[in-house]
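S.K.:
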Amino acid sequence: MTVSVQVEDFDAGAQLNKLRLASPSIGALVSFIGQVRDINDGDSINTLTLEHYPGMTESALQAIEAEAKSRWDILDSLIIHRVGTLEPLDQIVLVAVVSAHRGEAFKACEFIMDFLKTQAPFWKKEATAQGERWVDAKLSDDIALKQWQK
Amino acid sequence: MTVSVQVEDFDAGAQLNKLRLASPSIGALVSFIGQVRDINDGDSINTLTLEHYPGMTESALQAIEAEAKSRWDILDSLIIHRVGTLEPLDQIVLVAVVSAHRGEAFKACEFIMDFLKTQAPFWKKEATAQGERWVDAKLSDDIALKQWQK
Amino acid sequence: MKIKVLYFARIKEAVNYSTEEIDLPAEILTITALKNWLSLRGEVWANLFDGKQVVRAAINHTLVDDLATIQANDEVAFFPPVTGG
Amino acid sequence: MKIKVLYFARIKEAVNYSTEEIDLPAEILTITALKNWLSLRGEVWANLFDGKQVVRAAINHTLVDDLATIQANDEVAFFPPVTGG
């Protein structure tokens, strides 16, 4: 159960190896990596800047990990989320979950991403040729969240 | 859409980077890594040997990838599956899927794993202190498959 | 009572504050009351809290709804729906 | 007609064959018929195909059910349920 909010890039391969090699009772590692796309809503993206709420971000991500652990039989999890100014192809976020069997890890990883998207205080601002604009929250993210309601 | 059945280990981080950096229209990368556990059915595992059906394995995996691509809007996928004799903490399989948005990649990656588990001709033999034994297919894998029936 | 208020993203830009200390009148006890009280500051504030855009609130780093109660020394934050990941 | 038959995993070990060429009698046209015909080879073979364990079949690298038709030069494979991943 680790959370890091950081400006620096991360080495996804090294992080995943560290997570899965921690225990031979781990049989499954599911991970999500989000990267900056070059086009959004039809416009070419020069940079994407992520603002966040220091303090709340970390506690929100820890709460999401704890909720995932309470719902599924997972052995460990990791969330790394970058902030600051990024470019297309840059990594934004890594979420990784390890468990004995794959079903739990798949569910917990997708759950963490769906909650992160709607509960963790990050905001994206895009710089396009037409200027800067804040990214609007997506209805599809609220819909994705609904599948996890108890 | 790449498939590799190989004795050699793989560098998961390098494979994932290659897959996601291929296009800035990729926003999401979901991956699964399976590793050898040290205990199975209550017994300590010394080694796990994977046998397969050369020729059929590759075509089965390609068919599974093609089916995933026909069902979801994914941009690329990769399956690496090892054969031969492995030890606890060794990587067995990597399945990775890239797409514009996360929902498609999560579904396609789990679909590929569920089909691989029940359709691709691999067989596992465990060496324990009590001798060698073939691993039985799991009912839970057949159940996992059912969720994808059209 | 004294509280700290933080603003983020497009709301921070609209009100031109990122953080401020406020000494609230005793009758301002909820997020709704705080929004209404802040709206009295002028058009920008009134527009922000007129209900046409979603403004989420947190108290002490926890997301809350508008009926949540504010206490002395709380850290209250206003921000648009989040868009990370 | 001539076919090639492959055996894998615990089935390969049971019959002590990994691959063989067979010249089938003309009336053996399906996987079921082939299983029954192979069962005549003796107890090991009869036990294998007595229905108490699942024996999956493939023809030319495609999983098939027991009613699938065999043609000359086909590659037929028998194996237990798969356990990869």
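Protein chains in written order, with our numbering: chain A, 35 to 184; chain B, 35 to 184; chain C, 289 to 373; chain D, 289 to 373. C-beta: ideal position from N, C-alpha, C; glycine also. Please read all numbers here as calculations on a predicted model, not as lab measurements.
Roughly how many angstroms lie between the CA atoms of residue 131(A) and residue 53(A), to the nearest whole one?
M.R.: For residue 131(A) and residue 53(A), the distance between alpha carbons rounds to 8 Å.
S.K.: Could you check what DSSP says for residue 345(C) in three-state terms: helix, strand or coil?
M.R.: Three-state result, residue 345(C): strand.
S.K.: Taking 8 Å as the threshold (beta carbon to beta carbon), is residue 339(D) in contact with chain F?
M.R.: In the displayed structure, chain F is absent; the protein chains listed are A, B, C and D.
S.K.: Compute the Euclidean distance between the alpha carbons of residue 116(A) and residue 125(A), then round it to the nearest angstrom.
M.R.: Whole-angstrom Cα-Cα distance: 8 Å.
S.K.: Using a C-beta to C-beta distance shorter than 7 Å, which residues of chain B count as neighbours of residue 302(D)?
M.R.: None at all; the shortest Cβ gap to chain B is about 11 Å.
S.K.: Using DSSP with H/G/I as helix, E/B as strand and the rest coil, what is residue 161(A)?
M.R.: Residue 161(A): strand per DSSP, three-state reduction.
S.K.: Leaving out the 5 sequence neighbours to the left and right, which residues in its chain are closer than 7 Å to residue 152(B) when beta-carbon positions are compared?
M.R.: Only 175, 176, 179 meet the Cβ criterion.
S.K.: Kindly indicate the opening and closing residues of the alpha helix (DSSP H) around residue 104(A).
M.R.: Unbroken alpha helix (DSSP H) run through residue 104(A): 90–105.
S.K.: Does the CB of residue 371(D) have a neighbour CB from chain B at under 8 Å?
M.R.: Closer than 8 Å: yes.
S.K.: Select from 142(B), 157(B), 134(B) the residue whose C-alpha is nearest the C-alpha of residue 103(B).
M.R.: It is 142(B).
S.K.: Name the chain D residues whose beta carbon is nearer than 8 Å to that of residue 42(B)?
M.R.: Correct list: empty, because the minimum Cβ distance to chain D is about 17 Å.
S.K.: Strictly below 7 Å CB to CB, what residues from chain B border residue 137(A)?
M.R.: Correct list: 178.
S.K.: Give a yes or no on whether the minimum CB-CB distance between residue 346(C) and chain A is below 8 Å.
M.R.: True, the Cβ-Cβ gap to chain A drops below 8 Å.
S.K.: Quick one: list the residues of chain A neighbouring residue 351(C), beta-carbon separation under 7 Å, in chain order.
M.R.: 153, listed in chain order.
S.K.: Need the endpoints of the alpha helix (DSSP H) that residue 54(B) sits in, please.
M.R.: Looking at the DSSP string, the run of the alpha helix (DSSP H) that includes residue 54(B) is 46–55.
S.K.: Could you tell me which residues DSSP puts in a beta bridge with residue 156(B)?
M.R.: Paired residues: 86(B).
S.K.: What is the residue span of the beta strand (DSSP E) that residue 33(A) lies within?
M.R.: The structure shown does not extend to residue 33(A), since chain A is modelled only from 35 to 184, so the question has no answer here.
S.K.: Along chain D, which residues have their Cβ under 7 Å away from the Cβ of residue 144(B)?
M.R.: What residue 144(B) touches in chain D: nothing, since even the nearest Cβ is about 12 Å away.
S.K.: Please classify residue 139(A) as buried or exposed, where buried requires at least 16 other C-beta atoms within 10 Å of its C-beta.
M.R.: The residue is buried, with at least 16 neighbouring Cβ atoms inside 10 Å.
S.K.: Need the endpoints of the beta strand (DSSP E) that residue 67(A) sits in, please.
M.R.: Segment 62–69, the beta strand (DSSP E) holding residue 67(A).
S.K.: Kindly indicate which three-state DSSP category residue 324(C) falls into: helix, strand or coil?
M.R.: DSSP places residue 324(C) in helix when its eight states are reduced to three.
S.K.: Should residue 305(C) be labelled buried (16 or more other beta-carbon atoms within 10 Å of its own) or exposed?
M.R.: With fewer than 16 other Cβ atoms within 10 Å, it is exposed.
S.K.: Within the chosen definition, does the segment 153–163 of chain B reach the segment 89–108 of chain B through at least 3 CB pairs nearer than 8 Å?
M.R.: Enough Cβ pairs lie closer than 8 Å, so yes.
S.K.: Check whether the Cβ atoms of residue 101(A) and residue 37(A) sit closer than 8 Å, and answer yes or no.
M.R.: Going by C-beta atoms, residue 101(A) is not nearer than 8 Å to residue 37(A).
S.K.: Verify the CB distance criterion: does residue 37(A) have a CB-CB separation below 8 Å to chain C?
M.R.: Answer no: the Cβ-Cβ gap between residue 37(A) and chain C never drops below 8 Å.
S.K.: Whose Cβ in chain D lies nearer than 8 Å to the Cβ of residue 182(B)?
M.R.: Here the premise fails: no neighbours, minimum Cβ distance about 15 Å.
S.K.: Return the first residue and the last residue of the beta strand (DSSP E) that residue 311(D) is part of.
M.R.: Residue 311(D) -> beta strand (DSSP E) spans 307–311.
S.K.: Over what stretch of residues does the beta strand (DSSP E) that includes residue 365(D) continue unbroken?
M.R.: Run containing residue 365(D): 363–367, per the beta strand (DSSP E) assignment.
S.K.: So, at 8 Å on beta carbons, what are the nonlocal neighbours of residue 360(D) in its own chain, with the 5 sequence-adjacent residues on each side left out?
M.R.: Same-chain partners within the cutoff: 289, 290, 291.
S.K.: Can you have a look at residue 334(D) and say buried or exposed, based on whether 16 or more other CB atoms are within 10 angstroms of its CB?
M.R.: Exposed.
S.K.: Name the chain C residues whose beta carbon is nearer than 8 Å to that of residue 156(A)?
M.R.: Residues of chain C passing the Cβ test: 370, 371, 372, 373.
S.K.: Excluding sequence positions up to five away, which residues of its chain have a Cβ less than 6 Å from the Cβ of residue 182(A)?
M.R.: The residues are 145.
S.K.: Closest to residue 311(D) by CA distance: which of 320(D), 343(D), 325(D) is it?
M.R.: Of 320(D), 343(D), 325(D), the residue nearest in Cα terms is 325(D).
S.K.: Please state whether the Cβ-Cβ distance between residue 47(B) and residue 56(A) is less than 8 Å.
M.R.: No. Outside cutoff.
S.K.: Kindly indicate if chain A contains any beta-carbon less than 8 Å away from that of residue 296(C).
M.R.: Cβ-Cβ to chain A under 8 Å: yes for residue 296(C).
S.K.: Considering only DSSP beta bridges, list what residue 108(A) is partnered with.
M.R.: In DSSP, residue 108(A) forms a bridge with 133(A).
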